[in-house]
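Chains as they are written, first to last, in our numbering: chain A, 55 to 657; chain B, 55 to 657.
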């Protein structure tokens with residue numbers, strides 16, 4: 055409802071006057087374009103006339119050109135509605151809202167629907183509110199869908215704040231909040247129903263309230279089919295999306311059941327080429343297909359672009375270019391009830407992208423609310439800086455630790471059987487492994503020969519000082535350690551180490567920095583990066599500098615023997631309790647399917 | 055917002071339990087169907103499981119069949135979501151809401167979006183409210199879009215009540231009112247802008263309020279293109295429909311500009327076969343194409359069916375059957391934001407139609423809210439009678455008149471030049487004609503040789519006792535007269551006569567009956583029909599009886615020499631001031647394009 059600026063009667067009356075009165079004119083006319091009409095799935099030659107923030111007319115706008123009208127001759131270039139990213143997390147980029155805006159606008163992204171899931175887990179309503187406040191300062195349209203449950207798995211992990219239905223009245227009414235974000239709590243439907251039915255009770259209250267005030271609810275239904283999928287849809291209030299669909303058959307099932315499938319194509323997880331087969335191979339109606347990024351890193355934004363790159367890749371899969379553009383314009387606008395966005399038509403907000411062709415989706419100019427904001431891959435408007443409140447910047451509340459705190463201990467000697475989390479490259483899923491490890495002075499040791507190292511997750515919000523301990527296989531680390539305050543979704547401090555001393559130092563640096571990433575070897579810090587905002591994002595570095603810094607951190611990890619690519623991201627997802635099979639939280643080793651905590655040692 | 059029953063958390067929790075708990079079951083399973091999936095534009099074999107009013111699951115529902123579950127084996131029949139008529143007037147059928155429900159439900163129509171434009175003109179909020187109250191008693195889903203301006207042309211005609219923006223807060227909040235209906239006031243954009251800009255001021259206030267509380271606004275943009283169409287769209291708040299689109303090019307223009315084109319296919323005006331060419335010939339995306347009836351007579355409902363017949367005819371034009379069904383299900387559901395209707399999917403209201411094939415669209419069974427309501431063309435549930443308030447039934451407030459009251463008088467003798475409205479068969483448009491007529495005793499006479507007869511429109515709401523007088527050509531009447539209290543859109547009493555004496559009697563019978571239709575010859579009433587509800591509808595006759603009575607009335611008019619088919623309908627539209635060029639109201643002869651009243655005689 056907050057998404058309809060045309061409610062304003064004065065503005066509407068003025069637009070009508072300009073259209074009907076032969077002595078009044080448009081502010082801006084983009085003429086001689088090839089207009090991508092996502093309403094009719096056509097490309098039609100024509101002009102676009104703009105008055106203030108709104109489109110007056112699409113077609114022949116010659117009658118609206120007066121002496122004061124700025125006229126831009128597009129010389130046959132393509133004109134598209136601005137692109138919408140329907141599901142993204144600023145936190146994944148480690149960038150602020152304004153820095154992400156600066157980097158993504160030149161690619162034609164005019165609207166972001168952000169899920170502040172990470173800052174919500176870390177800081178609760180205060181964190182979410184700060185982020186929505188920052189969004190007031192940017193030229194693009196930033197909307198939010200907020201978490202209704204933190205942590206994802208109550209009783210198995212500690213978040214900085216426990217969001218439940220009690221918080222909905224407050225956070226659903228923050229600036230530009232249009233609904234509830236990914237419904238993590240019931241994504242693992244069978245196990246939650248069996249083990250934590252009270253979560254469902256709370257979710258239906260939250261989603262019911264959201265729907266009652268006209269908000270949307272995003273679902274999150276990885277690998278759900280049949281009755282479980284139906285239950286998830288109903289839990290979400292009857293109309294949900296899913297951005298965790300990875301297989302063609304899963305996509306077909308969800309589209310048939312009325313789910314808006316958010317085909318994910320971000321920096322890490324790329325599911326579009328599989329999902330899109332429902333359209334390209336089965337010829338299904340694509341009106342509920344939507345392209346999203348979920349997680350993007352700064353480097354990719356700079357190198358490849360943003361939604362324009364996702365569209366380009368979708369076209370490569372054999373989708374008609376206009377149909378692909380529908381998936382980032384009119385389709386999400388319909389889902390989110392954005393009546394003012396997503397199409398080029400009278401009365402819509404003048405968010406316009408000029409492209410030189412539809413093969414490379416090369417964006418030349420971007421207009422938001424009738425004003426040009428980008429030219430040739432550069433944002434050309436000033437974006438003011440927002441100063442986050444001190445509470446958001448002081449998110450790490452625990453004393454330093456020592457190596458004893460991180461150790462898995464036993465009274466046994468010789469070798470013991472340990473449970474080991476097996477990392478699977480490029481997946482959130484893990485394997486449940488077992489290995490025999492040496493005991494030294496009561497401490498179970500890593501074994502780099504077997505590629506098994508120490509792992510810990512430390513509560514960092516001053517709530518209980520929990521430390522979860524386990525072993526992990528798959529990083530390749532031969533020496534040293536690294537730690538970070540990014541650990542999905544609760545974002546406690548997570549660390550791995552070939553030895554406990556370096557690991558303790560890495561953790562302590564993260565504590566000292568009040569959030570960040572640190573790589574340590576031989577009692578020395580090799581590289582580090584501060585993440586002052588909730589321990590997740592930086593307001594000190596630009597996107598380019600973040601990219602540089604991450605390269606440096608990754609190089610240091612490689613020097614320690616690290617073999618897996620994107621080790622920091624893999625580490626951060628080892629705390630995610632919503633995907634099977636074994637994970638680590640501040641409670642310890644988590645058996646996801648059985649919704650329980652396991653000891654790190656067998657017996 | 056009032057359209058989302060799944061907000062109810064108790065219901066949702068119960069549905070989730072049935073789906074997840076292996077010891078709980080569906081109430082009803084329709085098994086072995088060919089499910090018309092309007093989400094994906096497919097037909098997929100499967101079952102539908104229902105609990106209470108809602109669909110639990112679509113697909114294989116074997117796991118939801120328990121001992122108490124009623125199982126219906128569809129033996130491969132087609133299963134469709136219930137059909138939606140997105141724009142209709144009960145008044146056109148002369149039937150009450152409940153009688154229309156009884157006749158239309160067996161054809162698969164489960165949802166009606168009614169525009170109480172006629173009763174609103176006649177009785178204002180009180181009339182609209184009574185109709186919405188009746189809608190509470192019927193098993194189908196009846197929603198309303200209400201007029202925001204009566205009469206259509208203030209200053210040129212008298213309605214029973216002047217609805218303006220001052221009334222919106224009240225009537226937009228009546229039961230099941232989802233928005234503002236056809237935006238008559240700005241359909242004739244150029245002339246209204248020039249002559250009555252204050253109408254636009256008021257419309258933007260009304261539509262702005264409607265949008266601000268989440269309601270929709272139907273447009274009405276006959277023959278509008280370019281800037282005028284854009285102004286109409288913006289006047290309606292940015293997202294409008296149009297049910298007055300008659301030409302392919304007009305349909306293309308409107309779809310490109312984001313208008314939801316309501317392709318009309320009712321008893322009288324049939325525009326679908328022309329409009330649909332935008333889809334069949336141009337291949338345009340049909341997501342904003344919607345099929346509506348606008349005006350249906352009882353006879354056609356019985357003979358041909360309702361939305362199933364409209365779909366059948368659309369398929370005949372070469373449209374894929376599932377795509378045609380989308381135009382009466384998911385497409386209107388998207389437009390009206392009916393999240394609970396229009397698709398067969400988990401959590402949706404169980405409005406289900408069983409068809410034996412998609413060529414004849416023969417409906418065998420209909421379910422509404424999970425309950426069977428029709429079988430083999432008969433409604434099988436009892437629909438209680440609603441008693442309209444006495445104020446609605448006493449709508450004619452004027453004394454009887456005499457022939458002098460109806461006469462066009464002059465001081466001239468011999469012949470005078472008179473303005474004559476030329477009826478065009480099957481159109482709302484008229485011609486502006488002129489003829490020389492004899493004067494007898496100061497009264498200008500009809501001339502049946504030239505097919506020119508008397509015509510009058512008498513204000514009937516006790517507001518000013520206006521009588522408009524003029525001449526008309528095209529009915530073929532040689533003797534007698536007829537009158538009716540149906541005269542679009544103000545519904546004063548309209549009458550034509552070969553002589554004034556019979557005409558006065560016909561008018562007086564309508565006054566005596568408190569609304570209705572009367573045919574008179576030689577000072578005797580040949581036939582008549584009471585229309586007690588607002589002078590527009592009957593609660594005394596069934597649909598079948600109305601059909602019989604209308605046949606009798608039409609036969610009597612034919613006996614008087616009447617040549618035009620449907621003379622009562624043609625007469626009633628001669629008062630419609632929103633379509634060119636000459637019309638009659640209680641103010642007199644109306645020059646529509648110049649928004650002015652003309653004298654019946656030249657000079």
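We put the beta carbon where it would ideally sit given N, CA and C, even for glycine.
Check: Can you list, in chain order, the residues of the segment 288–319 of chain B whose Cβ is nearer than 7 Å to any Cβ on chain A?
Finding: 288, 289, 291, 292, 293, 309, 310, 311 and 312
Notebook entry, point to check: Can you find a CB in chain B that lies within less than 9 Å of the CB of residue 241/A?
Noted result: no
Item checked: Contact between the segment 162–179 of chain B and the segment 536–554 of chain B (3+ Cβ pairs under 8 Å) -> yes
Check: Would residue 656/A be called buried (16 or more neighbouring beta carbons within 10 Å of its own) or exposed?
Finding: Here residue 656/A is exposed: its Cβ has fewer than 16 other Cβ atoms, across all protein chains shown, within 10 Å.
Next item on the list: Answer with buried or exposed for residue 143/B, where buried requires no fewer than 16 other C-beta atoms within 10 angstroms of its C-beta.
Entry: When all chains shown are included, residue 143/B counts as buried.
Next item on the list: Helix, strand or coil for residue 508/A, going by three-state DSSP, please let me know.
Entry: strand
Next item on the list: Pair every Cβ in the segment 188–204 of chain A with every Cβ in the segment 469–479 of chain A, then say whether three or more of these pairs are closer than 8 Å.
Entry: no
Next item on the list: Put residue 583/A into one of helix, strand or coil per three-state DSSP.
Entry: strand
Item checked: Own chain, CB closer than 7 Å to residue 66/A, minus 5 neighbours either side, in chain order -> 60
Margin query: Using C-beta distances below 8 Å, list every residue in its chain close to residue 192/A, excluding the 5 sequence neighbours before and after it, in chain order.
Written below: 151, 152, 155 and 437
Item checked: Minimum Cβ-Cβ distance from residue 118/B to chain A less than 9 Å -> yes
Check: Ordered along the chain, which non-local residues of its own chain (more than five positions away) have a Cβ less than 8 Å from that of residue 592/B?
Finding: These residues qualify, in order along the chain: 148, 149, 150, 583, 584, 585, 586 and 600.
Checklist line | 3 or more residues per run - each beta strand (DSSP E) lying fully within the segment 441–484 of chain B | finding: 469–477
Item checked: For residue 55/B, three-class secondary structure by DSSP -> At residue 55/B the pLDDT is 40, less than 50, meaning the model places this residue with poor confidence; the figure from the coordinates comes in the next sentence. The answer is coil: DSSP assigns residue 55/B none of H, G, I, E or B.
Item checked: Where residue 247/A meets chain B, residues with beta-carbon distance less than 7 Å -> 74
Margin query: Do residue 239/A and residue 257/A count as a contact pair if the criterion is CB distance below 9 Å?
Written below: In this structure, residue 257/A lies near residue 239/A, with their beta-carbon atoms less than 9 Å apart.
Item checked: residue 401/A: contacting residues in chain B (beta-carbon distance under 7 Å) -> 287, 288 and 292
Margin query: With distance defined between alpha-carbon atoms, name the residue in 553/B, 426/B, 597/B and 606/B nearest to residue 571/B.
Written below: 606/B
Checklist line | Reduced DSSP category for residue 650/B - H, G, I as helix; E, B as strand; rest coil | finding: Strand.
Check: Among the residues of its own chain, which have a CB less than 8 Å from the CB of residue 410/B, if the five just before and after it don't count?
Finding: 131, 132, 416 and 418
Next item on the list: Count the other CB atoms, across all protein chains shown, that sit within 10 Å of the CB of residue 70/B; report buried if there are 16 or more and exposed otherwise.
Entry: buried
Next item on the list: Taking only beta carbons into account, state which residues of the segment 73–93 of chain A come closer than 7 Å to chain B, listed in chain order.
Entry: Under the 7 Å Cβ criterion, the segment 73–93 of chain A contributes 73, 74, 91 and 93.
Item checked: Segment contact, 8 Å Cβ cut-off, at least three pairs: the segment 299–314 of chain A with the segment 347–366 of chain A -> no
Notebook entry, point to check: So, using beta-carbon positions, are residue 399/B and residue 312/A closer together than 9 Å?
Noted result: yes
Next item on the list: Run down chain A in chain order and give the residues with a C-beta less than 8 Å from the C-beta of residue 660/B.
Entry: Since the displayed chain B opens at 55 and closes at 657, residue 660/B lies outside it and no answer follows.
Notebook entry, point to check: Three-state secondary structure (DSSP) at residue 366/A?
Noted result: helix
Item checked: Beta-carbon proximity check, residue 541/A vs residue 635/A, cutoff 9 Å -> no
Check: What residue does the beta strand (DSSP E) around residue 160/B start on, and which one ends it?
Finding: Looking at the DSSP string, residue 160/B is not in any beta strand (DSSP E), and its letter there is neither H nor E.
Note to self: Would you call the segment 312–328 of chain A in contact with the segment 294–303 of chain A, where contact means no fewer than 3 C-beta pairs closer than 8 Å?
What the structure shows: yes
Check: In chain order, what residues of the same chain lie with their CB nearer than 7 Å to the CB of residue 277/B, ignoring the 5 residues before and after it?
Finding: In chain order, 304 place their CB closer than 7 Å to the CB of residue 277/B, counting only its own chain and leaving out the 5 sequence neighbours on each side.
Notebook entry, point to check: How about residue 207/A: is its C-beta nearer than 9 Å to some C-beta of chain C?
Noted result: No chain C is present in this structure, whose protein chains are A and B.
Item checked: Assigned exposure category for residue 522/B - 16 Cβ within 10 Å defines buried -> buried
Next item on the list: Only counting runs of 3 or more residues, tell me where the beta strand (DSSP E) segments fall wholly within the segment 134–209 of chain B, in order along the chain.
Entry: You should have 137–142, 163–168 and 195–200.
Note to self: Which residues in chain A have a C-beta closer than 8 Å to the C-beta of residue 338/B? List them in chain order.
What the structure shows: Listed along chain A are 94, 95 and 96, each with a C-beta nearer than 8 Å to that of residue 338/B.
Notebook entry, point to check: Going along the segment 392–421 of chain A in order, which residues come within less than 9 Å of chain B, judged by CB to CB distance?
Noted result: Listed by position, the residues of the segment 392–421 of chain A near chain B (Cβ gap below 9 Å) are 393, 394, 397, 398, 399, 400, 401 and 402.
Note to self: If contact is defined by three or more beta carbon pairs under 8 Å, each pair taking one atom from either stretch, is the segment 327–344 of chain B in contact with the segment 376–393 of chain B?
What the structure shows: yes
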